[in-house]
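Asks: As they're listed, the protein sequences go chains A and B.
When we follow our numbering, the leftmost residue of the first sequence carries the number 2, and every step to the right adds one.
When we follow our numbering, the leftmost residue of the second sequence carries the number 18, and every step to the right adds one.
I'd like to ask you about the structure that follows.
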Amino acid sequence: MRIVRALFSAAKAAKPAEPSSWDRFLYKANGFNKLGLVSDDLLSELDDAVVEALKRLPEETINQRIFRQNRAALLSLNKTILPEDQWTKIEDDKPYLMPHVLEVWKEAEEKKTWEDKNPIQAL
Amino acid sequence: MSSNMAKLPLMRHIVKRGLGSAAARALESDLPIETSVLANKIQVVSVESSSPIVRVAVQIKAGSRYETADNIGVAHVLRSACGLTTKSTSTFAVTRLIQERGANLWAVNDRDSISYILECYVQALEPCLKVLHSVTTEQLFHPWELAENIPRLKYELALVPPQARVIDMLHGAAYRTGLGNSLFIPKYLVGSQGTETLHHYVQNTFLGNRTVVSATGISNNAAKIFAERLNFAEGSGLGTSSQYYGGELRKRCKGLAHVAIAADGAGINQKEALAFGILQHALGTGAKVKYGSGAGSLSKLVTEAAAGEPAAVSALNVSHQDAGLFGLVISCEPKVAGRVTEAAVKALKAGNVSEEAVKRGKNGLKAAVLSAAENTGTLTQDIGQQVLLKGSADSAAAVASAIDSVSSSDVNNAARKVASGKLSMAALGDIANVPFLDQLK
Numbered sequence: 002m003r004i005v006r007a008l009f010s011a012a013k014a015a016k017p018a019e020p021s022s023w024d025r026f027l028y029k030a031n032g033f034n035k036l037g038l039v040s041d042d043l044l045s046e047l048d049d050a051v052v053e054a055l056k057r058l059p060e061e062t063i064n065q066r067i068f069r070q071n072r073a074a075l076l077s078l079n080k081t082i083l084p085e086d087q088w089t090k091i092e093d094d095k096p097y098l099m100p101h102v103l104e105v106w107k108e109a110e111e112k113k114t115w116e117d118k119n120p121i122q123a124l
Numbered sequence: 018m019s020s021n022m023a024k025l026p027l028m029r030h031i032v033k034r035g036l037g038s039a040a041a042r043a044l045e046s047d048l049p050i051e052t053s054v055l056a057n058k059i060q061v062v063s064v065e066s067s068s069p070i071v072r073v074a075v076q077i078k079a080g081s082r083y084e085t086a087d088n089i090g091v092a093h094v095l096r097s098a099c100g101l102t103t104k105s106t107s108t109f110a111v112t113r114l115i116q117e118r119g120a121n122l123w124a125v126n127d128r129d130s131i132s133y134i135l136e137c138y139v140q141a142l143e144p145c146l147k148v149l150h151s152v153t154t155e156q157l158f159h160p161w162e163l164a165e166n167i168p169r170l171k172y173e174l175a176l177v178p179p180q181a182r183v184i185d186m187l188h189g190a191a192y193r194t195g196l197g198n199s200l201f202i203p204k205y206l207v208g209s210q211g212t213e214t215l216h217h218y219v220q221n222t223f224l225g226n227r228t229v230v231s232a233t234g235i236s237n238n239a240a241k242i243f244a245e246r247l248n249f250a251e252g253s254g255l256g257t258s259s260q261y262y263g264g265e266l267r268k269r270c271k272g273l274a275h276v277a278i279a280a281d282g283a284g285i286n287q288k289e290a291l292a293f294g295i296l297q298h299a300l301g302t303g304a305k306v307k308y309g310s311g312a313g314s315l316s317k318l319v320t321e322a323a324a325g326e327p328a329a330v331s332a333l334n335v336s337h338q339d340a341g342l343f344g345l346v347i348s349c350e351p352k353v354a355g356r357v358t359e360a361a362v363k364a365l366k367a368g369n370v371s372e373e374a375v376k377r378g379k380n381g382l383k384a385a386v387l388s389a390a391e392n393t394g395t396l397t398q399d400i401g402q403q404v405l406l407k408g409s410a411d412s413a414a415a416v417a418s419a420i421d422s423v424s425s426s427d428v429n430n431a432a433r434k435v436a437s438g439k440l441s442m443a444a445l446g447d448i449a450n451v452p453f454l455d456q457l458k
């Protein structure tokens, strides 16, 4: 479900359109921004494609992701949220992982459908 | 017994048929070589052999000599990155497209050039050429794929034979930079030549003026159509020096003693190149008979010096575009390494070659040239290299007659040049007994 949601946001991020007030309301209602997360932080490492995609990120980006996740876990344990000025803004929420996940999916799809699309011909 | 066998009608029939078909078929070395230059400055060279196997090689002046201090080892990484994801084809697709058609695609590099070689059945040519095009022009060098490639680089480094390593060190000692760059990435730099370094190197070397497409088994026009679509930019790209300095490199490790010693020789473009080739075969390129010893003066002196211990020696002649090395390589038991090295250097510095030795050298070199030309795989690479480095390609038959016309005074001049030249030396292995360069007379 989270992946679907992230996909949705990735599709939206492709368009440079200004987020509407409804988008802003939904983004806040999700709540993860109050823990300092961005939407791609929600992509679970239980998914093999995400694990593969994470290997393709620069080290610094991965470290930032780990920091945000640890901070969110701590906040959640303390049953608190960040002060409002540190909440993630919808404008700052750029998909850093989803493009790679899409790429990994595409590669898996190519492997799966290779025989159908490229039948072996006798020479 | 065999002559009696041939008298039987059946056997005679087979013998006749075999000889008949051998006579009818044109030798690969006699086929005409067609060369042309395209509008995008790429040179195309082809031999239209009747082989059902097509071989197409894209050869580019991007060998290790064009590396600088900032990107040492990039040529090796580039070679090992052949077949990684490109703009239009993923690694998986490259592998499948090539293997399902029983084709082969690989890259080799030397100090001057890198070659992407495709070998396939003629009916499967079109899809395979598309892959070759994609691999040579649309590289992406994804960082994660380069990272996954590191174990392969380490494996290759572990497999480098000591003789290759010692010749590599010899180049380092003789030329220092440029031609002295190693063919192999140093261990401490594995993983540090990344995407941007590779892209920068490719942009500065993969240019129309520096590229040759060589093909056997297809027509010159077909090769031209493929070459026209290679969209390399124009420009001259990186240059490099090939000044000979001379020096010594030693590295101690386990095993036998491996020694390479050489003086300044001749490049492919210089007219003495053939004389040095003859001199190499006159001195001897190792045993040609199983359990035998070489015929040249070199192996005679070395066998005497080794006194029954295992020792192998071969004359070495390396010709690059504008410079070359001439000398010898020795592998021997460590305890006789001192005597063997001294004896070999004595043969190398003799400075004159007898008439019989010149004849033997000519025969050896001609046989080597002609038998190499019989294999279309070698032929494809060879004509491409000639055009790339020399500007034109000669057929093996032409080279063989050029060898015949070299006079024995030319060979003697080459020998004198080596005898009076400044030596370079590299030694690898258990080399406690190997004399240092300044101790050699």
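Cβ atoms here follow ideal geometry from the backbone N, Cα and C, with glycine treated the same way.
Taking only beta-carbon atoms, is residue 246(B) less than 8 Å away from chain A?
Replies: no
Asks: Spell out the partners DSSP gives residue 481(B) in its beta bridges.
Replies: Lying outside 18 to 458, the shown extent of chain B, residue 481(B) is not represented and no answer is given.
Asks: Can you round the beta-carbon distance between residue 339(B) and residue 259(B) to whole angstroms, since I take them to be within the 8 Å contact cut?
Replies: 5 Å
Asks: Are residue 294(B) and residue 331(B) touching if we call contact CB-CB under 8 Å?
Replies: no
Asks: Along the chain, where does the beta strand (DSSP E) that runs through residue 268(B) open and close?
Replies: 265-269
Asks: Use the C-beta contact count for residue 397(B): other C-beta atoms within 10 angstroms, 16 or more gives buried, fewer gives exposed.
Replies: buried
Asks: Taking 7 Å as the limit between beta carbons, can you name the residues of its chain near residue 117(A), skipping five residues before and five after?
Replies: none
Asks: Any beta carbon from chain E within less than 8 Å of residue 138(B)'s own beta carbon?
Replies: Looking at the structure shown, chain E is missing, and the protein chains on hand are A and B.
Asks: Quick check on residue 106(A): does DSSP put it in helix, strand or coil?
Replies: helix
Asks: Where does residue 154(B) fall in DSSP's three states?
Replies: helix
Asks: In or out: residue 102(B) buried (at least 16 other Cβ within 10 Å) or exposed?
Replies: By the neighbour-count criterion, in which a residue is buried when 16 or more other Cβ atoms sit within 10 angstroms of its Cβ, residue 102(B) is buried.
Asks: Quick check on residue 117(B) - is its C-beta less than 8 Å from some C-beta in chain A?
Replies: yes
Asks: Chain A partners of residue 113(B), CB-CB under 8 Å?
Replies: 115, 119
Asks: Sort out for me which residues DSSP pairs residue 281(B) with in a bridge.
Replies: Bridge partners of residue 281(B): 342(B).
Asks: Of all Cβ atoms in chain A, is any one closer than 8 Å to the Cβ of residue 123(B)?
Replies: no
Asks: Report the partner residues of residue 132(A) according to the DSSP bridge assignment.
Replies: Any answer about residue 132(A) is impossible in this case: the structure gives chain A only from 2 up to 124.
Asks: With 8 Å set as the bound, which would you pick, yes or no: does the beta-carbon of residue 44(A) sit closer than that to a beta-carbon of chain B?
Replies: Cβ-Cβ to chain B under 8 Å: no for residue 44(A).
Asks: In the structure shown, what three-state DSSP assignment does residue 236(B) receive?
Replies: Residue 236(B) falls in the coil class under three-state DSSP.
Asks: Since residue 191(B) and residue 261(B) should fall inside the 8 Å C-beta cutoff, what is the C-beta to C-beta distance between them, to a whole number of angstroms?
Replies: 6 Å
Asks: Any chance you could list the alpha helix (DSSP H) runs of at least 4 consecutive residues sitting entirely within the stretch 415-440 of chain B, in chain order?
Replies: 425-437
Asks: Within 10 Å of its beta-carbon, does residue 30(B) have 16 or more other beta-carbons around it, so buried, or fewer, so exposed?
Replies: For residue 30(B), the predicted structure reports a pLDDT of 41, less than 50, and the residue's modelled location is therefore unreliable. A value from the coordinates is still provided. When all chains shown are included, residue 30(B) counts as exposed.
Asks: Provide the residue span of the beta strand (DSSP E) that contains residue 246(B), from first to last.
Replies: Careful: residue 246(B) lies outside any beta strand (DSSP E) and carries neither H nor E.
Asks: Measuring only between beta-carbons, confirm whether residue 109(B) sits less than 8 Å from chain A.
Replies: Taking Cβ atoms only, chain A reaches closer than 8 Å to residue 109(B), which makes this a yes.
Asks: Alpha carbon to alpha carbon, what distance is there between residue 57(A) and residue 101(A)?
Replies: Distance between the alpha carbons of residue 101(A) and residue 57(A): 7 Å.
Asks: Leaving out five residues on either side along the sequence, give the residues of the same chain with a beta carbon under 8 Å from the beta carbon of residue 420(B).
Replies: 291, 294, 295, 379, 382, 383, 386
Asks: Would you mind giving the Cβ-Cβ distance between residue 240(B) and residue 435(B), rounded to the nearest angstrom? I have them listed as a contact below 8 Å.
Replies: A Cβ-Cβ separation of about 40 Å leaves residue 240(B) out of contact with residue 435(B) under the 8 Å criterion.
Asks: Check each candidate in 312(B), 183(B), 223(B), 355(B) and name the one with the smallest Cα separation from residue 279(B).
Replies: Ranked by how close their Cα comes to the Cα of residue 279(B), the residues 312(B), 183(B), 223(B), 355(B) have 183(B) in first place.
Asks: Residue range of the alpha helix (DSSP H) that residue 180(B) falls in?
Replies: According to the DSSP assignment, residue 180(B) belongs to the alpha helix (DSSP H) that extends over 179-192.
Asks: Give the straight-line distance between the Cα atoms of residue 430(B) and residue 281(B), rounded to the nearest whole angstrom.
Replies: 13 Å
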